[in-house]
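Novice: Just passing along the structure, written as structure tokens.
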Amino acid sequence: MSSPANPSEQPSGSRAMPGFDDIDWSRAWLSPLAHRGQRWQKAALESYPAYLSTLNADARTEPRMTGRDKPLSFIAQDQLPAGASYEGHIAATGCVPTRHNLHDFFNGAMWFQYPRIKAALNARQAAEIDALGIGPIRGAARDALTLFDENAVLLACADPALAAALRAFDWRAVFIGHRTAWGRACEARIFGHALLEKLIAPYKACTGHAWIVEVEPAYFLAADTERRAILDREVSERLKTEAISSRCFTPLPVLGVPGWWPENEAHSFYDDPRVFRAGRRLRA
Numbered sequence: 036m037s038s039p040a041n042p043s044e045q046p047s048g049s050r051a052m053p054g055f056d057d058i059d060w061s062r063a064w065l066s067p068l069a070h071r072g073q074r075w076q077k078a079a080l081e082s083y084p085a086y087l088s089t090l091n092a093d094a095r096t097e098p099r100m101t102g103r104d105k106p107l108s109f110i111a112q113d114q115l116p117a118g119a120s121y122e123g124h125i126a127a128t129g130c131v132p133t134r135h136n137l138h139d140f141f142n143g144a145m146w147f148q149y150p151r152i153k154a155a156l157n158a159r160q161a162a163e164i165d166a167l168g169i170g171p172i173r174g175a176a177r178d179a180l181t182l183f184d185e186n187a188v189l190l191a192c193a194d195p196a197l198a199a200a201l202r203a204f205d206w207r208a209v210f211i212g213h214r215t216a217w218g219r220a221c222e223a224r225i226f227g228h229a230l231l232e233k234l235i236a237p238y239k240a241c242t243g244h245a246w247i248v249e250v251e252p253a254y255f256l257a258a259d260t261e262r263r264a265i266l267d268r269e270v271s272e273r274l275k276t277e278a279i280s281s282r283c284f285t286p287l288p289v290l291g292v293p294g295w296w297p298e299n300e301a302h303s304f305y306d307d308p309r310v311f312r313a314g315r316r317l318r319a
């Protein structure tokens, strides 16, 4: 799959929307999902009913629980009762309304990749709805929970200097000065399903919201499944107890991650101020 002609710009509205057959499982951010995702992709290309059936077969063989300990399952979007909130319905019934599109495809995948995080988010979202109801304004906490769900990048880091540089928007330190730390003392794993959808057609300005997770150096000696389990457990526990707002995140232009995009092998890639910005904190 080719990238946009000008990767520093988002694809224009006239461009055809990517579909299931546009998924490139060799991308670094998608390869952790490939084993399950390729089966789901095949079913999605067959039909909507086949797709839902495949998701539910996985939910039966690998049970997951939603925010209020209801067994996870997937239903067609039109089965969501009129007036019901999406998050509240999932918490109360375990049923995730799922459309036949990439956005919900990746949302479903995260219920299997990081089940504890998804359940913790769902529980917090449902609690916010119970307390405040459904209105035109969701409130700061629900906005932050939605931001996590849609756009978060889990950044496991055993290098405090790199984490500090990221928080300070010091992009040359993050991606050049600490370049050898990536994969050895730092790694990025995309959680946000909207971000994964955007990255089907990558563009340079595509930016996630990094949630930094401090880990021990031994984390990077563990197998992939064990690393994922560590992040799932630690992040979910934080989401259960910590106050959350947009200030808990720091921007991360994802194509800047070393090894994720061929063009970032040239250090000049990071000189683009439209993407690698100073940030409000540094300007202040």
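Positions 36 to 319 (my numbering) are the ones given, in order, by the sequence shown.
For glycine and all other residues, C-beta sits at the position ideal for the given N, C-alpha and C.
Predicted model, so just to flag it, every value in this text is computed and none were measured.
Spatial neighbours of V310 within its chain, please: C-beta separation below 7 Å, excluding the five flanking residues on both sides.
Specialist: The count along the sequence shown starts at 1 and reaches residue 310 at position 275. Correct list, in chain order: S43, K239, A240, P288.
Novice: What's the C-alpha gap between D259 and L68?
Specialist: Residue mapping note: residue 259 aligns to position 224 of the sequence shown, counting from 1. Residue mapping note: residue 68 aligns to position 33 of the sequence shown, counting from 1. D259 and L68: Cα-Cα distance of roughly 11 Å.
Novice: In chain order, what residues of the same chain have a beta carbon less than 7 Å from the beta carbon of T89, not counting five sequence neighbours either side?
Specialist: Within the sequence shown, the letter at position 54 stands for residue 89. Result list for T89: R74, W75, A78, in chain order.
Novice: Just list the residues that DSSP pairs M100 with in beta bridges.
Specialist: Within the sequence shown, numbered from 1, the residue matching residue 100 stands at position 65. DSSP, once it has assigned bridges, lists P106 as partnering M100.
Novice: Under 6 Å Cβ to Cβ from G48, same chain only, skipping five residues before and after it: list those, please.
Specialist: Start at 1 with the first residue of the sequence shown, and residue 48 comes out as number 13. The predicted position of G48 is uncertain, since its pLDDT is 46 and thus under 50; no value can be drawn from it.
Novice: Tell me the rounded alpha-carbon separation between R177 and E163.
Specialist: For the purposes of this step, residue 177 is taken as the residue at position 142 of the sequence shown. For the purposes of this step, residue 163 is taken as the residue at position 128 of the sequence shown. If I take the Cα positions, the gap works out to 7 Å.
Novice: Measure the alpha-carbon distance for M145 versus D194 and round it to whole angstroms.
Specialist: Translated into the one-based positions of the sequence shown, residue 145 becomes position 110. Translated into the one-based positions of the sequence shown, residue 194 becomes position 159. Each residue's alpha carbon lies about 26 Å from the other.
Novice: Is the number of C-beta pairs between the stretch 210-220 and the stretch 292-301 that are closer than 8 Å three or more?
Specialist: They touch, by the three-pair rule.
Novice: Going by DSSP, what residues sit across from P286 in a beta bridge?
Specialist: One-based indexing of the sequence shown puts residue 286 at position 251. In DSSP, P286 forms a bridge with H244.
Novice: Can you give the Cα-Cα distance for H124 and R62, rounded to whole angstroms?
Specialist: As a first step, residue 124 must be located in the sequence shown, where it is residue number 89. As a first step, residue 62 must be located in the sequence shown, where it is residue number 27. Going by the C-alpha atoms only, they are around 33 Å apart.
Novice: Judging by CA-CA distance, which residue of C192, S281, L234 is the nearest neighbour of E269?
Specialist: Your numbering for residue 269 matches position 234 in the sequence shown. Considering only alpha carbons, the answer is C192.
Novice: From the DSSP secondary-structure annotation, give me the bridge partner or partners of E222.
Specialist: Here residue 222 is taken as the residue at index 187 of the sequence shown, counted from 1. Answer is A191.
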